[in-house]
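Shown next, in structure tokens, is the structure this report addresses.
Chains as they are written, first to last, in our numbering: chain A, 108 to 351; chain B, 32 to 295.
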């Protein structure tokens with residue numbers, strides 16, 4: 108199904124003051140229980156030598172990727188890309204709590220909530236977006252570092268910000284590029300701790316794909332062929348058993 | 032038929048109309064209950080597997096089932112619920128009928144004996160066109176192939192049930208690895224049983240020599256002809272039991288007659 112909109116974030120790193128109001132707003136809005144969080148502000152520490160020092164605070168959450176490894180690996184289809192807005196969402200009623208997506212996410216932007224036995228992550232405050240409001244983290248951002256909107260709409264704030272920007276970065280590498288929908292402006296974000304890792308696949312999942320599925324397919328195929336040969340023979344030779 | 036014997040026509044006709052009870056009501060109901068549960072669980076279980084990395088279930092089927100049930104959560108809930116009913120009824124039946132049905136069935140019908148082992152050596156060769164001249168040893172109420180399939184079904188059902196319960200109650204399981212391993216184990220156990228099921232359905236419903244076995248799953252009875260030709264060991268044991276019974280009745284009758292004569 109064609110995606111109507113492509114919602115995502117633009118983050119102006121130069122504007123983040125590490126107040127972490129976004130973390131509080133997200134926790135309150137989405138009732139995220141401690142010690143978990145759906146969003147982060149990553150302090151990259153001081154870089155350089157005096158007087159040429161730099162320090163960045165990088166707001167960080169689910170990248171709502173265009174090609175998300177978490178969806179690829181989700182057993183039940185509980186994780187999906189909303190066809191209306193492009194946000195990557197988790198239907199927690201359908202989540203079976205296997206945590207394969209947590210391992211697969213290259214940004215470690217998901218967690219398995221042990222109290223509820225389901226996966227949780229940033230939803231882009233889809234319930235607010237559907238009402239025409241901004242996500243809580245964006246609405247509360249003091250410095251205006253976080254922006255949210257539809258990249259398919261050239262008049263949206265995010266599209267305008269990207270059009271004006273002189274430096275735009277996506278957190279991708281040559282090895283891992285799921286086409287994330289967070290664009291970073293004005294900061295050196297291409298650093299260890301921010302860049303994606305390779306998706307991890309558990310031994311159980313790897314054996315399932317590599318051994319169990321081929322074995323089951325081979326077994327069922329052999330079984331089917333066996334009865335097909337016997338049935339063909341039966342049709343050719345006739346049903347002799349009950350003929351007097 | 033490889034252990035064919037000459038049976039005169041009149042005797043053959045008599046055998047054909049004589050019925051022998053093969054399955055009791057508990058066997059029949061459990062069998063068809065299992066069929067119903069598999070018919071509900073297999074299509075819904077397959078449809079749940081949406082991961083593109085697994086790539087085993089056509090998207091059309093996933094979408095169809097999700098539309099029928101009104102979404103992924105409902106589909107999974109249905110699968111969980113039917114699975115729970117399946118496990119609950121099987122457990123209840125086993126506990127309730129443990130002494131009357133389960134123990135005798137296990138003792139009398141499930142174990143492999145020397146004839147079964149020999150049958151397993153000869154039958155596969157004959158199936159690929161070898162050892163045609165070799166006689167198959169007489170079989171009991173179930174032949175060795177049926178017994179092996181029965182073992183597979185028992186192991187499969189236990190595995191499916193256990194891993195299914197783990198996934199159904201995943202919210203109570205604190206170890207994600209247990210759920211991660213339950214998935215491929217559940218899938219493999221289902222695959223193993225389905226592979227056998229294809230042969231089981233063919234042998235039971237289509238294969239001409241076993242047609243009576245199919246109808247016996249409704250009536251509980253097979254003809255003496257079928258029993259003698261396919262399950263000779265069981266047939267002759269039945270005959271012995273019948274003759275013993277007749278002898279006992281005759282002896283009782285004679286004793287009664289002797290008592291009456293003495294009283295006169």
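The C-beta atom is built at its ideal place from N, Cα and C for all residues, glycine as well.
Who does residue i pair with in a DSSP beta bridge?
i              : result
residue 71(B)  : Paired residues: none, contrary to the question.
residue 147(A) : 167(A)
residue 227(A) : 218(A)
residue 115(A) : 256(A)
residue 154(A) : 161(A)
residue 279(A) : The partner list for residue 279(A) (beta bridge, DSSP) is empty, contrary to what the question assumes.
residue 290(A) : 117(A)
residue 66(B)  : DSSP output for residue 66(B) lists no bridge partner at all.
Among the options, which has the Cα closest to the Cα of residue i?
i              : options                        : result
residue 339(A) : 271(B), 62(B), 238(B)          : 238(B)
residue 209(A) : 221(A), 124(A), 226(A), 116(A) : 226(A)
residue 279(A) : 159(A), 289(A), 294(A)         : 289(A)
residue 220(B) : 67(B), 76(B), 63(B)            : 76(B)
residue 166(A) : 342(A), 282(A), 337(A), 291(A) : 291(A)
residue 233(B) : 130(A), 230(A), 330(A)         : 330(A)
residue 230(A) : 138(A), 152(A), 299(A)         : 138(A)
residue 316(A) : 101(B), 72(B), 98(B), 218(B)   : 218(B)
residue 250(A) : 115(A), 127(A), 114(A)         : 127(A)
residue 72(B)  : 135(B), 259(B), 110(B)         : 110(B)
residue 190(A) : 301(A), 112(A), 297(A), 299(A) : 112(A)
residue 322(A) : 215(B), 143(B), 270(B), 275(B) : 215(B)
residue 336(A) : 147(B), 295(B), 259(B), 229(B) : 229(B)
residue 134(A) : 228(A), 308(A), 300(A)         : 228(A)
residue 46(B)  : 89(B), 64(B), 267(B)           : 267(B)
List the residues of chain A whose Cβ lies closer than 8 Å to the Cβ of residue i, in chain order.
i              : result
residue 218(B) : 315, 319, 320, 323
residue 180(B) : Under the 8 Å cutoff, chain A gives no residues; its nearest Cβ is about 11 Å from residue 180(B).
Quick check: residue i and residue j, are their CB atoms within less than 7 Å of each other?
i              : j              : result
residue 207(A) : residue 233(A) : no
residue 82(B)  : residue 181(A) : yes
residue 319(A) : residue 123(A) : no
residue 307(B) : residue 138(B) : Residue 307(B) falls outside the range modelled here, since chain B spans only 32 to 295, and no answer is possible.
residue 314(A) : residue 207(B) : no
residue 226(B) : residue 324(A) : no
residue 153(B) : residue 145(B) : no
residue 212(B) : residue 211(A) : no
residue 253(B) : residue 51(B)  : yes
residue 306(A) : residue 176(A) : yes
residue 87(B)  : residue 107(B) : no
residue 216(A) : residue 132(A) : no
residue 175(B) : residue 151(B) : yes
residue 245(B) : residue 236(B) : yes
residue 187(B) : residue 158(B) : no
residue 296(A) : residue 276(A) : yes
residue 132(B) : residue 67(B)  : no
residue 121(A) : residue 294(A) : yes
residue 268(A) : residue 254(A) : yes
residue 53(B)  : residue 247(B) : yes
residue 129(A) : residue 247(A) : yes
residue 11(B)  : residue 184(A) : The question about residue 11(B) has no answer, for chain B in this structure spans 32 to 295.
For a contact defined as C-beta to C-beta under 7 Å, what are the partners of residue i on chain A?
i              : result
residue 123(B) : Going along chain A, no residue has its Cβ under 7 Å from residue 123(B), so there is no contact; the nearest lies around 26 Å.
residue 104(B) : 198, 200, 201
residue 185(B) : Residues of chain A passing the Cβ test: none, with the nearest at roughly 18 Å.
For a contact meaning CB atoms closer than 9 Å, what does residue i contact in chain A?
i              : result
residue 237(B) : 334, 337, 338, 341
Just to make sure I have the definition right: I need the residues of chain B whose C-beta is within less than 8 Å of the C-beta of residue i. Which are they?
i              : result
residue 311(A) : 208, 211, 212, 214, 215
residue 327(A) : 222, 225, 226, 229
residue 266(A) : Result: empty, since nearest Cβ-Cβ is about 30 Å, beyond 8 Å.
Residues of chain B with CB under 7 Å from residue i, in chain order?
i              : result
residue 305(A) : In chain order: nothing, as chain B lies at least about 15 Å away.
residue 207(A) : 211
Could you check if residue i belongs to the surroundings of the ligand FMN, using beta carbon to heavy atom distance under 6 Å?
i              : result
residue 118(B) : Ligands in the displayed structure: none, and consequently the ligand FMN is not present.
Under 9 Å between beta-carbons, which chain B residues line up against residue i? List them in chain order, please.
i              : result
residue 250(A) : Here the premise fails: no neighbours, minimum Cβ distance about 37 Å.
residue 223(A) : 202
So which residues on chain D does residue i lean against when the C-beta distance must stay under 7 Å?
i              : result
residue 331(A) : No chain D is present in this structure, whose protein chains are A and B.
Tell me which residues of the region 197-211 of chain B have at least one Cβ-Cβ distance to chain A shorter than 8 Å, keeping chain order.
Answer set for the region 197-211 of chain B: 198, 201, 202, 203, 204, 205, 207, 208, 210, 211.
What residues in the region 170-183 of chain A bring their beta carbon closer than 8 Å to a beta carbon of chain B?
Residues of the region 170-183 of chain A whose Cβ lies closer than 8 Å to any Cβ of chain B, in chain order: 178, 179, 180, 181, 182, 183.
What residues from the region 209-220 of chain A come within 7 Å of chain B, judged by C-beta to C-beta, listed N to C?
Within the region 209-220 of chain A, the qualifying residues are 219.
Residues of the region 124-148 of chain A in Cβ contact with chain B at a cutoff of 7 Å, in chain order, please.
Sequence-ordered contacts of the region 124-148 of chain A with chain B are nonexistent [C-beta pairs closer than 7 Å].
Return the residues of the region 67-96 of chain B that lie within a Cβ-Cβ distance of less than 8 Å from chain A, sorted by chain order.
The region 67-96 of chain B vs chain A, Cβ under 8 Å: 79, 80, 81, 82, 83, 84, 85, 87, 93.
Tell me which residues of the region 244-271 of chain B have at least one Cβ-Cβ distance to chain A shorter than 9 Å, keeping chain order.
Within the region 244-271 of chain B, the residues whose Cβ lies closer than 9 Å to some Cβ of chain A are 260, listed in chain order.
Going along the chain, which residues of the region 186-205 of chain A sit with their C-beta nearer than 7 Å to a C-beta in chain B?
Within the region 186-205 of chain A, the residues whose Cβ lies closer than 7 Å to some Cβ of chain B are 198, 200, 201, 203, 204, 205, listed in chain order.
Counting only Cβ-Cβ distances shorter than 8 Å, please list the residues of the region 143-176 of chain B near chain A, keeping chain order.
Look at the region 143-176 of chain B: it has no residue with a C-beta under 8 Å from a C-beta of chain A.
Would you list, in chain order, the members of the region 107-133 of chain B that have their beta-carbon closer than 7 Å to a beta-carbon of chain A?
Listed by position, the residues of the region 107-133 of chain B near chain A (Cβ gap below 7 Å) are 107.
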